[in-house]
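Each residue of the sequence shown is one higher than the one before, counting from 1 in the UniProt record's numbering. Every residue, glycine too, gets a C-beta built ideally from N, C-alpha and C.
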Amino acid sequence: MSEEVQDLMDMKIAANNDTEEKIETETKKDSSIFDGLQIINVIYYSLLHIAAIYGVYVALFRAKLATQIWLPIFAALMGSGVTLGSHRYFSHKSYEVTTPVKIVLLIMQTMTGQNSAFTWAREHRLHHKYSDTDADPHNAARGFFFSHMGWLLTKKHPLVLQKGRTVDVSDLLSDKLIMFQHKYYIPLYVFWGVLVPIMIPIYLWDEKPWVSFFTVYCLRYVVVLHFTWSVNSVAHLFGNKPYDKRIYPVESALVSWITFGEGTHNYHHAFPWDYRVSEFSTLISLTTRIIDLLAYFDLTYDRKTASQQVVHGHLKRHGDGTH
Ligand SMILES: [Zn+2]
Ligand SMILES: [Zn+2]
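Structure, rendered in structure tokens:
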């Protein structure tokens, strides 16, 4: 491949990756988490975590066997709602889906309780556009806790609000189904995200309502939240950078295991349009395999990938040498 072609390819990557203007993070690691603390959010997340810890006890000692079996299955389904839906489809549109699949993804996305698909995708696009600067909602330059969950306990940095308005969400705004879920998110969440998960064990195997609440609602919710948050914290701080050493995101096997393949985050930030989120198909690339399986039945299509030439050209120039 000629130098000229390689340069053009790198420019394409840069256009996807770089910020319009350089923003340096001024809010440093040691800036206090107590700056702009939102007390309501602190109380909400504290209560949720206490309920989830109690949920561990309930799951181990008070729940029926059917609930104990259902809990990890349901948590895995909800995790897939984040990886297949919120992340790879709604945020990146790295593959296309048929309308029935889109409706299923929207229902699963609603059940995860992580805001509407529109809000999730807009924040995630902002995260990619201004990664690890003050305009990134979960700026990892502010340390592990902030990027993990501190960002949900504090006031948004003014640059997050300002730059949030510059993110292109025209595809989402013109999608009637996505905007319907956004508009009616609260009632939809109460039904799909709270009532349905709690009612399944009660109806199907006569579980006690309070047991169902503390296990499949509280415990499952908090576990899936932490697994999701680990992509923003662990996979931005602890690992190698074979594709681009200039950025924070890393390759983290641990995060890949708990998020069905989302831990190859250095690759993902270098080539965000690639539906595989990785160059390699490994045992844990479960999300990719589900998309492929759905594609076999023509339920998903137009799966975008980064070519080997682009990947290898980029990593030769910018990788840390660990490839
Ligand atoms: Zn992403
Ligand atoms: Zn990231």
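- In this structure, Leu-153 sits near Asn-41, with a CB-CB distance shorter than 9 angstroms.
- Here Glu-96 carries a strand assignment [DSSP, helix/strand/coil].
- Pairing Val-311 with Ile-73, the inter-Cα distance amounts to about 35 angstroms.
- In this structure, Pro-137 has its beta carbon at no less than 8 angstroms from each heavy atom of ligand 1.
- Ranked by Cα distance from Tyr-130, the first of Phe-118, Gln-109, Phe-145 and His-157 is His-157.
- Rounded to the nearest whole angstrom, the C-alpha separation of Gln-109 and His-226 is 16 angstroms.
- Short of 6 angstroms from the beta carbon of Gly-193, and not among the five residues preceding or following it, lie these beta carbons of its own chain, in chain order: Thr-110, Met-111 and Gly-113.
- In the structure shown, Leu-283 falls within a coil segment according to DSSP collapsed to helix, strand and coil.
- Under the 8 angstroms Cβ criterion, the segment 192 to 206 does not count as touching the segment 156 to 176, having fewer than three qualifying pairs.
- Assignment of alpha helix (DSSP H) within the segment 225 to 260, counting only whole runs of 4 or more residues, yields 234 to 237 and 253 to 258 in chain order.
- Here the C-alpha atom of Ala-135 lies approximately 42 angstroms from the C-alpha atom of Leu-60.
- Note on geometry: alpha-carbon atoms of Ser-46 and Val-222 lie some 11 angstroms from one another.
- Within the chosen limit of 8 angstroms, ligand 1 reaches the beta carbon of Ser-91 through at least one heavy atom.
- By the criterion of a C-beta distance shorter than 7 angstroms, His-323 is surrounded in its chain by Pro-242 and Leu-315, once the five residues flanking it on both sides are discounted.
- Tyr-184 carries a coil assignment under DSSP once its states are collapsed to helix, strand and coil.
- A residue is called buried when at least 16 other Cβ atoms come within 10 angstroms of its Cβ; Phe-146 meets this threshold and is buried.
- Here Thr-264 is bridged, per DSSP, to Glu-251.
- Counting only residues of its own chain and dropping the five nearest sequence neighbours on each side, Ala-306 has a CB closer than 6 angstroms to the CB of Phe-271 and Asp-274.
- With a minimum length of 4 residues, the unbroken runs of alpha helix (DSSP H) contained wholly in the segment 47 to 116 fall at 65 to 80 and 99 to 111.
- As a beta-bridge residue in DSSP terms, Thr-300 pairs with Val-97.
- For the pair Tyr-185 and Ser-116, the CB atoms are nearer than the 9 angstroms cut-off.
- Under the three-state reduction of DSSP output, Leu-161 falls in the helix class.
- Between His-87 and Gly-36, the alpha-carbon positions lie close to 28 angstroms from each other.
- Within the model, the alpha-carbon separation for Asp-320 versus Tyr-217 is close to 42 angstroms.
- The shortest CA-to-CA distance from Ser-233 to any of Leu-219, Glu-251, Leu-283 and Pro-187 is the one to Glu-251.
- By the beta-carbon neighbour count (other beta carbons within 10 angstroms, threshold 16), Ser-174 is exposed.
- Ranking Gln-308, Phe-238 and Thr-259 by CA distance to the CA of Ile-284 puts Thr-259 first.
- In the assembly as shown, Val-211 is a buried residue. Its beta-carbon has 16 or more other beta-carbons within 10 Å.
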